[in-house]
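Down below is the structure, laid out as structure tokens.
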Amino acid sequence: MQHLIISAHPSKDSFSNALVDALSKDSEHNDVDVVVRNLYDLDFDPVLTSEDLAQIKEGRIPEDIAKEQKLLGESDFISLVYPLWWGSFPAVLKGYFDRVLTQGFAFKITENGPEGLLKDKKVFLHTSMGNSVEDYENKGILKAFRQIHGQEVFGFCGIEVAGHLFYPRIPTSSPEMKNKYIEEALGFYKTVLLDEEVVDVVTR
Ligand SMILES: Cc1cc2nc3c(=O)[nH]c(=O)nc-3n(C[C@H](O)[C@H](O)[C@H](O)COP(=O)(O)O)c2cc1C
Numbered sequence: 003m004q005h006l007i008i009s010a011h012p013s014k015d016s017f018s019n020a021l022v023d024a025l026s027k028d029s030e031h032n033d034v035d036v037v038v039r040n041l042y043d044l045d046f047d048p049v050l051t052s053e054d055l056a057q058i059k060e061g062r063i064p065e066d067i068a069k070e071q072k073l074l075g076e077s078d079f080i081s082l083v084y085p086l087w088w089g090s091f092p093a094v095l096k097g098y099f100d101r102v103l104t105q106g107f108a109f110k111i112t113e114n115g116p117e118g119l120l121k122d123k124k125v126f127l128h129t130s131m132g133n134s135v136e137d138y139e140n141k142g143i144l145k146a147f148r149q150i151h152g153q154e155v156f157g158f159c160g161i162e163v164a165g166h167l168f169y170p171r172i173p174t175s176s177p178e179m180k181n182k183y184i185e186e187a188l189g190f191y192k193t194v195l196l197d198e199e200v201v202d203v204v205t206r
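Just so you know, the numbering used here puts the end of the sequence shown at 206, numbered straight through with nothing missing.
Right, here's the structure in full:
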């Protein structure tokens, strides 16, 4: 079992990075191999260029992309940890998807339409936010976040979305509340990661 944690928060003292540390330690504690890729620490280049596209078309994968594809290919379980920025991913994470999830690696186009190629994997998404869950539910876009962040990226590539937790009002949450969120997240991993049992998409 290989657990890949992809994280996209620039601040060491963020809730997101505290969650990454907890998930990583929990995997180690349970003898699960874990690899953490913090896209800021990697200084990951998020801009998909015309050179990239030309090379990929010829089957030549740029070195930094190939490295991330290898780690993704080797993983069984992926955790994605990121803050919600303007209703979306931080730019570096969007760029990671643009550059790493290439045609031929993550999906192919068949006569019947696109087909995901990363079929034997599961992903769990963790989204920290400033707003409340209710606010996005009332606006009718919480479902869209789940769909766009989960299915339209990972589902498209054949990866099963095992769960999606939203952490509300993080900037004004107490340390105790943040710890409670982290403990609850770890609780989900006991079923999802260790017992291989799939849970429904979860919203907090
Ligand atoms: C550039 C930027 C854009 C943001 N956009 C949103 C947003 O669209 N919705 C929201 O609920 N919070 C938004 N926030 C607040 C962050 O999501 C929140 O501060 C963060 O998730 C807190 O968790 P952290 O400690 O992991 O950063 C934004 C913050 C920044 C810096």
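Beta carbons are placed, not taken as given, at the ideal position from N, Cα and C, and that holds for glycine.
Query raised in the report: Given P116, which residues of its chain have a CB within under 8 Å of its CB, disregarding the five upstream and five downstream residues?
Result: Looking up residue 116 in the sequence shown gives position 114. Answer for P116: F109, K110 and F158, listed in chain order.
Query raised in the report: Is I184 near ligand 1, in the sense that its beta carbon is under 6 Å from a heavy atom of that ligand?
Result: Counted from its first residue, the sequence shown places residue 184 at position 182. No - ligand 1 has no heavy atom lying nearer than 6 Å to the Cβ of I184.
Report task. Kindly indicate if chain C contains any beta-carbon less than 7 Å away from that of L188. Result -> This model lacks chain C altogether, as it is built from one protein chain only.
Query raised in the report: To which residues of the same chain is K180 closer than 6 Å at the C-beta, ignoring the five residues directly before and after it?
Result: Working through the sequence shown from its first residue, we reach residue 180 at position 178. Closer than 6 Å at Cβ, skipping near neighbours: F17.
Query raised in the report: Does ligand 1 have even one heavy atom less than 6 Å from the beta-carbon of L144?
Result: Position 142 of the sequence shown, counting from 1, holds the residue named residue 144. Checking every heavy atom of ligand 1 against the Cβ of L144, none is found closer than 6 Å.
Report task. Given a cut-off of 7 Å, decide if L41 and Y98 are closer than it, judged by their beta-carbon atoms. Result -> Here residue 98 refers to the residue found at position 96 of the sequence shown. Here residue 41 refers to the residue found at position 39 of the sequence shown. Their beta carbons are under 7 Å apart, which means Y98 touches L41 by this criterion.
Query raised in the report: On the three-state DSSP scale, how would you describe Y191?
Result: Translated into the one-based positions of the sequence shown, residue 191 becomes position 189. Looking at Y191 - three-state DSSP - the assignment turns out to be helix.
Query raised in the report: What did DSSP end up calling V203 once you bin it into helix, strand or coil?
Result: Taking the sequence shown and counting its residues from 1, one reaches residue 203 at position 201. Low confidence applies to V203: its pLDDT is 44, below 50, so where it sits in the model is not reliable enough to give any reading.
Query raised in the report: V102 lies in the alpha helix (DSSP H); which residues open and close that run?
Result: Residue numbering aside, residue 102 sits at position 100 when the sequence shown is read from its first letter. Per DSSP, V102 belongs to the alpha helix (DSSP H) from A93 to V102.
Requested in this report: Could you tell me if P173 is buried or exposed, where buried requires 16 or more neighbouring beta carbons within 10 angstroms of its beta carbon?
Outcome: Within the sequence shown, numbered from 1, the residue matching residue 173 stands at position 171. Taking all protein chains in view, the Cβ of P173 is surrounded by fewer than 16 other Cβ atoms within 10 Å, so the residue is classified as exposed.
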